[in-house]
Every structure is written in C-alpha cells, then in structure tokens.
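See below for the structure under consideration.
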Amino acid sequence: MKDYSLAVRLARLLGEQAEQAVPSDLDLWPEIRDALDRRRARVRSNHWHHATRPSATREPNLSMASAPIDRFRLPETVRKPSLIRQLFAFGSAVTAFVVFAAVLIAVVRPPNGVDRGTGVQSRSVGSIDQSLYVVTSVGVSMIDPDRKRRVFSVDAPFSPDAILSPDGTRLYVAGVGDHGRLAALDAASGTELWRTDVSDRVAYHFGIGPSALAISQDGEHLYVLSARDDPNSTDPTAALYWIRVLDSRTGLIAGESAPVFRSTSEACLPQLQTSSDAATLYLVCQRTAVIRMIDLASLSALDRSITVQGRRIIGSVLSPSGETLYVVSDRSTGLWMSMIDTRSRVIVHEVELSTDTNRGGALALSGDGQRLAIGMTAASSPQAISDIRELRIFEIDSWREIARLAVEPAATGQSLVFGRLEQSLYYASRSLGSAHDSGGNKVSRLDTSTGQTETITVVTGDILHVLAAADD
Amino acid sequence: MDEREAITKIRHGDIDGLEPLVRSYQHRAVRAAYLITRNREHAEDIVQAAFIRAFERIGQLQADRSFGPWFLQSVVNDAVKATNRGKRHVSLDAENNSQALAGMLADPTPGPDELFEGIETREELWLALDALPGPQQVAIVLRYYLGLTDSEMAEVVSRPIGTVKWRLHTAHRRLYQVLSAPPGTVVLRALKERSKR
Numbered sequence: 361m362k363d364y365s366l367a368v369r370l371a372r373l374l375g376e377q378a379e380q381a382v383p384s385d386l387d388l389w390p391e392i393r394d395a396l397d398r399r400r401a402r403v404r405s406n407h408w409h410h411a412t413r414p415s416a417t418r419e420p421n422l423s424m425a426s427a428p429i430d431r432f433r434l435p436e437t438v439r440k441p442s443l444i445r446q447l448f449a450f451g452s453a454v455t456a457f458v459v460f461a462a463v464l465i466a467v468v469r470p471p472n473g474v475d476r477g478t479g480v481q482s483r484s485v486g487s488i489d490q491s492l493y494v495v496t497s498v499g500v501s502m503i504d505p506d507r508k509r510r511v512f513s514v515d516a517p518f519s520p521d522a523i524l525s526p527d528g529t530r531l532y533v534a535g536v537g538d539h540g541r542l543a544a545l546d547a548a549s550g551t552e553l554w555r556t557d558v559s560d561r562v563a564y565h566f567g568i569g570p571s572a573l574a575i576s577q578d579g580e581h582l583y584v585l586s587a588r589d590d591p592n593s594t595d596p597t598a599a600l601y602w603i604r605v606l607d608s609r610t611g612l613i614a615g616e617s618a619p620v621f622r623s624t625s626e627a628c629l630p631q632l633q634t635s636s637d638a639a640t641l642y643l644v645c646q647r648t649a650v651i652r653m654i655d656l657a658s659l660s661a662l663d664r665s666i667t668v669q670g671r672r673i674i675g676s677v678l679s680p681s682g683e684t685l686y687v688v689s690d691r692s693t694g695l696w697m698s699m700i701d702t703r704s705r706v707i708v709h710e711v712e713l714s715t716d717t718n719r720g721g722a723l724a725l726s727g728d729g730q731r732l733a734i735g736m737t738a739a740s741s742p743q744a745i746s747d748i749r750e751l752r753i754f755e756i757d758s759w760r761e762i763a764r765l766a767v768e769p770a771a772t773g774q775s776l777v778f779g780r781l782e783q784s785l786y787y788a789s790r791s792l793g794s795a796h797d798s799g800g801n802k803v804s805r806l807d808t809s810t811g812q813t814e815t816i817t818v819v820t821g822d823i824l825h826v827l828a829a830a831d832d
Numbered sequence: 045m046d047e048r049e050a051i052t053k054i055r056h057g058d059i060d061g062l063e064p065l066v067r068s069y070q071h072r073a074v075r076a077a078y079l080i081t082r083n084r085e086h087a088e089d090i091v092q093a094a095f096i097r098a099f100e101r102i103g104q105l106q107a108d109r110s111f112g113p114w115f116l117q118s119v120v121n122d123a124v125k126a127t128n129r130g131k132r133h134v135s136l137d138a139e140n141n142s143q144a145l146a147g148m149l150a151d152p153t154p155g156p157d158e159l160f161e162g163i164e165t166r167e168e169l170w171l172a173l174d175a176l177p178g179p180q181q182v183a184i185v186l187r188y189y190l191g192l193t194d195s196e197m198a199e200v201v202s203r204p205i206g207t208v209k210w211r212l213h214t215a216h217r218r219l220y221q222v223l224s225a226p227p228g229t230v231v232l233r234a235l236k237e238r239s240k241r
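Just so you know, the protein sequences line up as chains A and B, in that order.
Going letter by letter, the first sequence gives residues 361 to 832 in the working numbering.
Going letter by letter, the second sequence gives residues 45 to 241 in the working numbering.
Written out as structure tokens, the structure reads:
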C-alpha cells in the first residue's frame, strides 16, 4: 500500500462515492414544493372543514345518541364538490403525476460524473511574500493568491499547527504523515528539509502529533508542545504536556522540559508565544483563560501563571518586536484586551474593547503592529459553529475602534490575517455548497477600504487559525 | 436572495424562501445521507422530509445560527435512525451480496484516484468502511465528508466530544488493521460482516 494518509484517502473516497451515487443534477425542489403545497391545501381544507362544521348552536336539533356520525356531517352544499374544488382535485392529480414522473426520472437517470470536490473544510491559513499557506486537516497547500492556483501540497492529516520562520523561507508543520511527525518544508517549493518524531503518545491516537509550535524571534529555535499519555489517568484523552526545543535548521532536539502541565486534550487549546529576549515561552490556554510561562533558560515551568479577565481567550498575538503579547478574552459583557510585557512577564495594561455581548472569534495584528482586527460572532451563536460576520478594527495606540466591516461570506474558526499592505485581510469560510458550488472552505480576501470580498481558493480541512499575511 | 433573507421569508410562511436553501444544501445533504444509509432513495426521502420539517419548524432555528449545520444535524440524525431501522430488515442473501461485491471489484473503469492509489486499495477501503459498526461509520462520514470538527460532531450525534474522538480513533485503528491485511482478506471480512447483519 502506498504511503498516503488514511485521512486523505477517506476524504477522497467518500467524496467520489457520494458524487457517483448522487449526481449534481439532483433537484429535490419540485417535489418538496409540491409536498408543501399539498400540505397547505390540506391544512386550508381542514380549517375550512372545521369552520363549516355544524355546531350545536347552528343545528340545535342534532341528536348525539341517534346519529353520532351525522354529528360531523357537512351541509349538502359543502359535500358536493364545487367547480373550483373539482378543478383543484384535477390539479392535484396532475401534480401527483408530475411528482411520480420526477421521482422516476431521478431514480433511473445515470450519474453524469461531474467532479465537484469533497468539500471538507480547511484548518488554517497563512501566507507570506505573495504566497498563501493553507494548512488543512488533510495537508498543507501553498496557494498563489493572485493566480488563484495551488503551487504545492503536502499530506499532514493530523496537523494542529503550522508556522512560518520569521524570514518566511521555511514552513514548519506538525502532524505530518500517518504518524504525526514534525516536518520543515522549504516555503517556496514545499521540499521537505527534515522530519522528526517529537511525540510519545500511544493510547490516544489524535494526540500523536505536536500540539502547538512557536519559533524564536531569530528563527534559530523551534519550540514544540508535545503530549505524553498520562499514566495516572483512565481518560484516554488525558496527557502530560512538555516542551522540546529543536534546532530549526536540522530538526535535532536541543533540549526538553519536564512536564509543564497535565490536561485533557480539549481542556486547554494551547497557543505558544515567545518573548523578544528568548527567555520565556508563553503557553496560552484559550479555553481556561490561563497563561503559563516556561523559563527557557532552565526549561521549567514558572510557579505562577497569568489569568486574564473573562471566560476564555479568543487569541493572542505578538507585537512585531516580540516585546508585547496582546491577549484578547471574552467576558459576558464584552471583550477585554490584556497587554503582557514579555520580558517582565506581567500584564502592563488592560482595556475593555467592547461592552456588547457579542463574542470575539478571531484575531489578527497588522504587520506594522498598529492595528488589531477582531472577528466577531453573535452572542447566541453556538461556539462549535461560530460564524464571524463582523470585523472590528482597533488602533493600537489609542485602542479606538476605527472600522467595523461586515464579513460575507462569514468567516469560520480563527482564520484571520492581515495582508502585507494592511489593506486586505485573508480569512477562511465554510461553504456547504449550492447548485453551482460543491462547498468546501473558501479562502477569501477582504479589502478593508472598500469592504469588497474576493474568493482566492477553495480548500479542504478544518479551520483553526491564520499564520501570516500575503501581499496584495 | 441570501440565506438570511430566505430564512426570514420562511419565518413569514413563504414557501419560496425554502427554494434557495434546498438548492444550496440538497446535494451535500443527500450525499451525506447516502454515505450513512448506502441507499440513494432512502437518502433522498430523508432529505426531502428534513427540508419539509425545517420549513415547518424554522422557529426552532436560533436567529444567528446558520441554517446549514442545523439542517444537516437533522439529516444525519434521520439517516442514522433509518440505518438502525433498516438493519433489522436487511437481506441476508449472501449470494447477492457476493455478486454485488464481485461486480464492484471487477469494475475496470479507471477513476481519477488511480493517480494516487490503486483501484483495489480504494475498493478495499470502501468495503472496510462498510464493515465498520454504524457509529464509527457515521463518525467517519461526519469528519471526512462533511468536515465537521470534533465539537460539531459531538453536537450532531449528541454525545460528548471524548466519545466522538474515541469512535474516530477506533475507526482509524480498525481501518489501518484491515488495510494492512493480506490482499483479499478485506473482501472476505466484509462479506462475513454483511452476512452477519
């Protein structure tokens, strides 16, 4: 058997089988319309029936005991079908015949074999230097956003994270291949530079790959959060997490910490961020609104942690210099932003960004570090299916909201990134398809000056977040 | 007419509001139902009924929730129920099953997948999928056809995330085992599984 990932094979196989069995010329609407029309006609008829039903006041002489059936007998004028009702009955018969014929045609017609794709959703999007990187649940693709074509793809079915080196020449992808390895790719060609195993998980298959990645400001070291089965827990998702430091050029392990925390895989939803002085690694647990710190000199977790305001952290972004970590969190009454000085390891400023109940869903910082974009989702939207329908842009210096834009199609997940010229924002959105579109995840470009959106590509996989920005 | 306008129309009882939603979601819904039931007619019936029910119960759709996930949840649930019901009445005619499988394997039509793997492997995978227990099959369809996240899958099947992940994990493990088996074993195993049902 060739070395193709099971996930890729399954996605393709299911898509093909489904398309063969259910061709794209399927049209259920006539039958549904007819069924609804008939139901309505029945309801109208019943209403009318009840309205004309003889009541005790209208027919005071009706005897319940002698003629129970006659109790609901309609007046003679009603029981005899009028010309209109006869026409209606004829119409219903014709409609029924049309429906029957439609069903017959639908059953016997052969598939037309039109390839419409599987329409699975994308996992993350990132780009740099005229290239767009889309990391999906089936792999990583490099897209040329101007020509709207795919340049290369790599299988990575278990990837929870991927990052670009600061100079944009390398792409590091977690969860590559069937065994969830960590790989370094040439960002321009997709050529694999090295691949290494940085996980020891056995029992819990979905945790076999690294959980989160970060890279030092100088690009020399790669920080990898990995998980190991927790021997003291019966929960198969429970794990001990620890940090490994890798030489980013060779993939060789340069250091390893003791376990930094214990958690089930879904309890934290981690992000890793590094300080500008390469002294501290910040482990942002989005679900618990807690930020743990790892001292990189000793590779040990600090005793204290930072807890930000709110129920959960929407996301965290580093300033271009790496000196400030912006953490945006959700409260029941609005959004809260905490600025952490990465050298002193403390919150230096807190700002209430909004006071409405809508939730934040994604975060992006412009390349010059001057503007922060937050994707907003409605308060009533379920977290699992949160659609970002509005974008709010804040000026960092004053924390003033300078723009509010509609996002259409709605963005999904944490898929938001500024373009290099900071006029555009890239995002991924889920599309379930239409008569002319088989669905999938679209990567779109939103022009923040005009509010216009343009589709760049359709990708496959689950959306998690965005990495970096491309030029316009 | 966008989805919001369509839903507003439906909320006002206008049947025309349903048309764009049917045209948008019918293919995906019927295909998902087909992958679960493995019967196109059943799949179409399920989806038609789900659209009619969606029209009648649009009031249950929260104002800011997308129609798609809400609707597909209903379709998937109905498909799962139909499959469970159908298993009680499934034909045990092993000969017919054998012929169908033999026909499937003998199909010489080259497909685009040959570019990345052989027809036999693909058919073995299809058979292996068919041999999975129902909940695992559903998990595979939800993840790899509908592309749902763990949280969404948990919501659709009304089970905890851990359960959903475990089903996927078990399905993966089983598929790996089956695909690692010697050639022909998969076909025999699938036939046995089918005849047991």
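Even for Gly, the Cβ is constructed at its ideal location relative to N, Cα and C.
{"Check": "Nearest-angstrom Cα separation, counted from residue 571 of chain A out to residue 620 of chain A", "Outcome": "13 Å"}
{"Check": "Contacts that residue 75 of chain B makes with chain A (C-beta to C-beta distance below 8 Å)", "Outcome": "378, 379, 381, 382"}
{"Check": "Nearest candidate by alpha-carbon position, reference residue 585 of chain A, set A:579, A:578, A:603, A:599", "Outcome": "A:603"}
{"Check": "Among B:72, B:103, B:176, B:199, nearest to residue 383 of chain A - alpha-carbon criterion", "Outcome": "B:72"}
{"Check": "Proximity below 8 Å, CB of residue 64 of chain B to CB of residue 50 of chain B", "Outcome": "yes"}
{"Check": "CB of residue 667 of chain A within 8 Å of CB of residue 692 of chain A, strictly", "Outcome": "no"}
{"Check": "Residue-level contact to chain B via CB, residue 747 of chain A, 8 Å cutoff", "Outcome": "yes"}
{"Check": "Boundaries (first-last residue) of the beta strand (DSSP E) holding residue 586 of chain A", "Outcome": "581-589"}
{"Check": "C-beta contact flag for residue 689 of chain A and residue 705 of chain A at 8 Å", "Outcome": "no"}
{"Check": "Residue 192 of chain B versus B:113, B:170, B:58, B:104, residue with shortest Cα-Cα distance", "Outcome": "B:113"}
{"Check": "Proximal residues of chain B, C-beta to C-beta of residue 548 of chain A below 9 Å", "Outcome": "Here the premise fails: no neighbours, minimum Cβ distance about 24 Å."}
{"Check": "Which of helix, strand or coil DSSP assigns to residue 389 of chain A", "Outcome": "helix"}
{"Check": "Meets three-Cβ-pair contact criterion under 8 Å: the segment 607-614 of chain A and the segment 637-651 of chain A", "Outcome": "no"}
{"Check": "From A:542, A:557, A:491, residue whose alpha carbon lies closest to that of residue 528 of chain A", "Outcome": "A:491"}
{"Check": "Option nearest residue 696 of chain A by Cα separation, candidates A:771, A:681, A:684, A:720", "Outcome": "A:720"}
{"Check": "Below-8 Å beta-carbon distance, residue 118 of chain B vs any chain A residue", "Outcome": "no"}
{"Check": "Residue interval of the beta strand (DSSP E) (run including residue 676 of chain A)", "Outcome": "672-678"}
{"Check": "Secondary structure of residue 514 of chain A, DSSP reduced to three states", "Outcome": "strand"}
{"Check": "Burial state of residue 178 of chain B, where buried means 16 or more other Cβ atoms lie within 10 Å", "Outcome": "exposed"}
{"Check": "Status (buried if at least 16 other CB within 10 Å, exposed otherwise) for residue 224 of chain B", "Outcome": "exposed"}
{"Check": "C-beta neighbour in chain B for residue 674 of chain A, strict 8 Å", "Outcome": "no"}
{"Check": "Below-8 Å beta-carbon distance, residue 181 of chain B vs any chain A residue", "Outcome": "no"}
{"Check": "Bridge partner(s) assigned by DSSP for residue 111 of chain B", "Outcome": "Looking at the DSSP assignment, residue 111 of chain B forms no beta bridge with any residue, so it has no partner."}
{"Check": "Cβ separation of residue 808 of chain A and residue 763 of chain A, assumed to be a contact under 8 Å, to the nearest whole Å", "Outcome": "6 Å"}
{"Check": "Limits of the alpha helix (DSSP H) - the one that residue 178 of chain B falls within", "Outcome": "178-188"}
{"Check": "Where residue 735 of chain A falls, given that 16 or more other Cβ within 10 Å makes a residue buried", "Outcome": "buried"}
{"Check": "Straight-line gap, residue 535 of chain A to residue 511 of chain A (C-alpha atoms, nearest Å)", "Outcome": "21 Å"}
{"Check": "Interface partners of residue 169 of chain B on chain A, CB under 8 Å", "Outcome": "369, 370, 373"}
{"Check": "Where residue 55 of chain B meets chain A, residues with beta-carbon distance less than 9 Å", "Outcome": "None at all; the shortest Cβ gap to chain A is about 15 Å."}
{"Check": "Neighbour flag for residue 71 of chain B against chain A, beta carbons, 8 Å", "Outcome": "yes"}
{"Check": "Ordered list of beta strand (DSSP E) runs contained in the segment 599-646 of chain A, each at least 3 residues", "Outcome": "613-616, 621-624, 630-634, 640-645"}
{"Check": "CB contact below 8 Å: residue 391 of chain A versus chain B", "Outcome": "yes"}
{"Check": "Option in B:180, B:190, B:189 with minimal Cα separation from residue 209 of chain B", "Outcome": "B:180"}
{"Check": "Through-space distance from residue 188 of chain B to residue 205 of chain B, alpha-carbon basis", "Outcome": "16 Å"}
{"Check": "Residue-level contact to chain B via CB, residue 366 of chain A, 8 Å cutoff", "Outcome": "yes"}
{"Check": "Chain B contact residues for residue 396 of chain A, given Cβ-Cβ distances below 8 Å", "Outcome": "59, 62, 96, 99"}
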